[in-house]
Ligand code: MRU
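Residue numbers (the working numbering): 124 to 492.
Structure below.
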């Protein structure tokens, strides 16, 4: 997507042909900083410390980490070690394991001399595929927005609530939850996006708001607790969020707080959609609450908040007593029964084993075996 007049992806290969450039999201919305990463340790830090984040982008970044390692040492031992190092950086987003597995599966079949080149090529393909998947998700999600818009008075905006950032910054480009929104705006459908701030790290306030403002999408930033109230007052026509892992039965794991939005949506008869590319489906897992590992991040993310001060400096301030411990589960699971539909690159699936199998018969059978 464009920043000012320049088109950016979130990650790309540097002009030196091997190191990896990425947008360091920790500084947004205040500064657009690009970092060049030249080692596996650098890639691991970028994922763990959330310079890059969002399930699809984490996967692509890890794929480039494998490529960097293969350039240094293309042995099987190095391949297994880089898989382990990167896999443990963030436990919940399944796209990380998906991308690492895809890289290792391919590279193992090749002679060592060919591995580095093949790794960069495959990582670039995974990045390009992500963009294509998101475009398709956008087209299917647009149908839903069109239908809602058709039932409204002329000019009345479709109210859309979103949580966290499942925008282009969470992917390589376009985003998952935001792709239908961008297409709706391009088509001239009036929309109004309610952006949950998404404590503790404020991905909504920092990133989704920045995306919406940058692309001229009418939007309002709200505190996480406001969603239910807006729904009770008819301001939200649909909720659309992303996911870090969706189970074979349609349970949806996403940023902490998503579950509460789904409960409020159910109580108010507001459709709750989840946008996801198929690499986000974990076909080996059925019960999301019991089986998905939930990342527990540092309590500092709750106690310390980033912002820009009056002098224009980006810094952190403490909002709770030093002595108060903070808990920070980073994701929660929304049971399939609360999900109206899963917007995938192949169409909209019912959030159930049958719904997913109908759209992905080959994957459901192969991966669950
Ligand atoms: O902790 P984050 O910022 O990586 O969490 C991101 C989310 O929860 C997104 O909603 C999810 O990864 C889907 S991104 C298309």
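Think of the CB as a built atom: it goes at the ideal place given N, C-alpha and C, for glycine as much as any other residue. Nothing here was measured: the structure is a model prediction, and the numbers come from that model.
DSSP three-state assignment for residue 290, whether helix, strand or coil: Taking the first residue of the chain shown as 1, we reach residue 290 at position 167. Residue state, collapsed to three classes: coil.
N-terminal and C-terminal residue of the beta strand (DSSP E) that residue 355 is part of: Counting from one through the chain shown, the residue named residue 355 turns up at place 232. Boundaries around residue 355 are those of the alpha helix (DSSP H), 350-355, since no beta strand (DSSP E) includes it.
Whether residue 366 touches residue 397 by CB criterion (8 Å): Your numbering for residue 366 matches position 243 in the chain shown. Your numbering for residue 397 matches position 274 in the chain shown. Closer than 8 Å, so yes.
Check: residue 384 C-beta below 7 Å from any heavy atom of the ligand MRU: Stepping through the chain shown from its first residue, residue 384 is reached at position 261. At a cut-off of 7 Å, the beta-carbon of residue 384 does not count as near the ligand MRU: no heavy atom of the ligand is closer than that.
Reduced DSSP secondary structure (H/G/I, E/B, other) of residue 480: Here residue 480 refers to the residue found at position 357 of the chain shown. Residue state, collapsed to three classes: helix.
Among 464, 197, 264, 274, the one whose alpha carbon lies nearest that of residue 237: Taking the first residue of the chain shown as 1, we reach residue 237 at position 114. With respect to the C-alpha of residue 237, the residue from 464, 197, 264, 274 having the closest C-alpha is 197.
Span separating the alpha-carbon of residue 481 from that of residue 473: For the purposes of this step, residue 481 is taken as residue 358 along the chain shown, with counting starting at 1. For the purposes of this step, residue 473 is taken as residue 350 along the chain shown, with counting starting at 1. Rounded to the nearest angstrom, the two C-alpha atoms are 9 Å apart.
Residues near residue 282 by beta carbon distance below 7 Å, same chain, minus five either side: Translated into the one-based positions of the chain shown, residue 282 becomes position 159. Within the same chain, residue 282 has close Cβ partners 315, 317, 358, 359, 360.
Near the ligand MRU: residue 298 beta-carbon under 7 Å from a heavy atom: Locating residue 298 in the chain shown gives position 175, where the first residue counts as 1. It does: the Cβ of residue 298 is within 7 Å (strictly closer) of some heavy atom of the ligand MRU.
Between the CA atoms of residue 294 and residue 417 - distance to the nearest angstrom: To locate residue 417, count along the chain shown from 1; it is residue 294. To locate residue 294, count along the chain shown from 1; it is residue 171. In a straight line, the C-alpha of residue 417 is about 21 Å away from that of residue 294.
The ligand MRU heavy atom lying under 7 Å from the CB of residue 378: As a working note, residue 378 is residue 255 in the chain shown. Residue 378: yes, Cβ under 7 Å from the ligand MRU.
Burial state of residue 224, where buried means 16 or more other Cβ atoms lie within 10 Å: As a first step, residue 224 must be located in the chain shown, where it is residue number 101. Per the 10 Å Cβ criterion, exposed.
Identity of the residue in 128, 191, 130, 292 nearest residue 159 by Cα: As a first step, residue 159 must be located in the chain shown, where it is residue number 36. Selected option, being the one with the closest Cα: 191.
Cβ-heavy atom distance, residue 439 to the ligand MRU, below 7 Å: Position 316 of the chain shown, counting from 1, holds the residue named residue 439. No, the beta carbon of residue 439 sits no closer than 7 Å to any heavy atom of the ligand MRU.
Residue-level contact to chain D via CB, residue 221, 8 Å cutoff: The chain labelled as chain D is not found in the depicted structure, where only one protein chain is given.
Start-to-end residues for the alpha helix (DSSP H) that takes in residue 308: Counted from its first residue, the chain shown places residue 308 at position 185. Residue 308 -> alpha helix (DSSP H) spans 302-309.
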